[in-house]
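This report refers to the structure that appears directly beneath it.
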Amino acid sequence: MKIAISGKGGVGKTTLSAMLSGVLALEDRRVIAIDADPDANLASALGVGDETQVVPLAEMHDMISERTGAADEPGGYFQLNPKVDDIPDEYALKIGNIRMLALGGVSQGGGGCICPATAIVKALLVHLIIGRDDILIMDMEAGLEHLGRATAQSMDALVVVVNPDRWSVQTAVRVRDLAGDLGMKKVFAVVNRLGIAGQDAGGEVQEKLEQIQTALGDVPLIGSLPMDPRLGEGALKIAPDGAIAPTEALTAHTGAIESIIAEVRSRV
Ligand SMILES: Nc1ncnc2c1ncn2[C@@H]1O[C@H](COP(=O)(O)OP(=O)(O)OP(=O)(O)O)[C@@H](O)[C@H]1O
Ligand SMILES: [Mg+2]
Numbered sequence: 003m004k005i006a007i008s009g010k011g012g013v014g015k016t017t018l019s020a021m022l023s024g025v026l027a028l029e030d031r032r033v034i035a036i037d038a039d040p041d042a043n044l045a046s047a048l049g050v051g052d053e054t055q056v057v058p059l060a061e062m063h064d065m066i067s068e069r070t071g072a073a074d075e076p077g078g079y080f081q082l083n084p085k086v087d088d089i090p091d092e093y094a095l096k097i098g099n100i101r102m103l104a105l106g107g108v109s110q111g112g113g114g115c116i117c118p119a120t121a122i123v124k125a126l127l128v129h130l131i132i133g134r135d136d137i138l139i140m141d142m143e144a145g146l147e148h149l150g151r152a153t154a155q156s157m158d159a160l161v162v163v164v165n166p167d168r169w170s171v172q173t174a175v176r177v178r179d180l181a182g183d184l185g186m187k188k189v190f191a192v193v194n195r196l197g198i199a200g201q202d203a204g205g206e207v208q209e210k211l212e213q214i215q216t217a218l219g220d221v222p223l224i225g226s227l228p229m230d231p232r233l234g235e236g237a238l239k240i241a242p243d244g245a246i247a248p249t250e251a252l253t254a255h256t257g258a259i260e261s262i263i264a265e266v267r268s269r270v
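Everything in the sequence shown is counted per the numbering used here, starting at 3 for the first residue and increasing by one.
Take a look at the structure:
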């Protein structure tokens, strides 16, 4: 299953991507986590202390020219469908059974330049075949403008993160329209920062959920996460030997994350 995570700036896309990847990895699923935001911080949300450990694909010049046959000079011919199947194993940062890749400042196959780096990224997102029980999670920058049609259509689901405010919900509706134009059929929403962890707000949370669902129209709301300052610590702790363990925040919200995964699975 390939899931893209989108939404307005700052709503919690990276947090949700890391939590989803973390829960699945701790359940022994193979996860490919892709940071598609040029301003990358998924690695840090996954517990990687030193972000320089993740070399963005856009900067793997040797691999790009080897795979595409591109010479260094601009304007030459190059292979548009390079081999990508072994990229997660060969080039990703391994965090438990998460294979993490950052795209760097490369277009995800949308308009603009068709260059060797774009060809690799597009081939990776579109042609990478993942096992039945494996999962690809792509943390995107705000908006979908960077997403090419082929990439969009290769995703099984788009999860739009919203906060309990009018603006991010309006963005979600626009994202849904754009997703529709790109040919993505399955679009879901998750509310982040709804209520406060450990506090029972009574019927207020339920009421807010219903209001948000109404505002979202036909985009199904499939889960929610409360405000929880512990989420700033990210999803995973990585021991010196490379073993991964959940942070307190991940442990506290595993149930909510599992339920989001189950909802997506049952609907795609
Ligand atoms: N439920 C939450 N409770 C408390 N803090 C949160 C919660 N969700 C996210 N945060 C914090 O809010 C900040 C923004 O979250 P995050 O980076 O996940 O958003 P984003 O949508 O990926 O942002 P960007 O658009 O910049 O990529 C982070 O510091 C994160 O730790
Ligand atoms: Mg982010």
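Virtual Cβ for every residue (Gly too), placed ideally from N, Cα, C.
Source: prediction; values computed, not measured.
- With a 10 Å radius around the Cβ and a threshold of 16 neighbouring Cβ atoms, His-148 comes out buried.
- For the pair Val-164 and Val-193, the CB atoms are nearer than the 8 Å cut-off.
- Annotation note: the region 71-136 contains the following uninterrupted alpha helix (DSSP H) runs of length 4 or greater, listed N- to C-terminal: 89-93, 118-129.
- The DSSP-derived three-state label of Arg-195 is strand.
- Using a Cβ distance threshold of 8 Å, Ala-121 and Thr-70 count as a contacting pair.
- Classified as exposed, Gln-213 has fewer than 16 neighbouring CB atoms from the shown chains inside 10 Å of its CB.
- Where Val-164 is concerned, the enclosing beta strand (DSSP E) starts and stops at 159-164.
- In this model, Ala-154 and Ile-246 are separated by some 31 Å (Cα to Cα).
- Around the beta carbon of Ile-116, a 10 Å sphere encloses fewer than 16 other beta carbons of the protein chains shown; the residue is thus reported as exposed.
- Listed in chain order, the non-local C-beta contacts of Arg-267 below 8 Å within the same chain comprise Met-3, local neighbours out to five positions each way being set aside.
- Lys-15 has its CB nearer than 7 Å to a heavy atom of ligand 2.
- The residues Ile-5, Ser-19, Leu-22, Ser-23, Ala-35, in chain order, have a CB closer than 6 Å to that of Ile-139 in the same chain once the five nearest residues on each side in sequence are set aside.
- Across the set Val-270, His-255, Glu-265, the C-alpha of His-255 shows the shortest separation from the C-alpha of Val-25.
- Spanning the alpha carbons of Gly-236 and Gly-49 requires a straight line of approximately 6 Å.
- Distance from the C-beta of Asp-158 to the nearest heavy atom of ligand 2 is not below 7 Å.
- Taking the Cβ atoms as the reference, Leu-130 lies roughly 12 Å from Leu-59, outside the contact range of under 8 Å.
- Residue state for Gly-14 is assigned as coil, using DSSP reduced to three classes.
- Ligand 1 never approaches Met-21 closely enough for any of its heavy atoms to be under 7 Å from the residue's Cβ.
- Rounded to the nearest whole angstrom, the C-alpha separation of Ser-170 and Lys-10 is 6 Å.
- Using a cutoff of 7 Å, the CB of Asp-39 counts as near ligand 2, since one of the ligand's heavy atoms is closer than that.
- In this structure, Ala-174 sits away from Ala-199, with a CB-CB distance that is not shorter than 8 Å.
- Distance from the C-beta of Asn-194 to the nearest heavy atom of ligand 2 is not below 7 Å.
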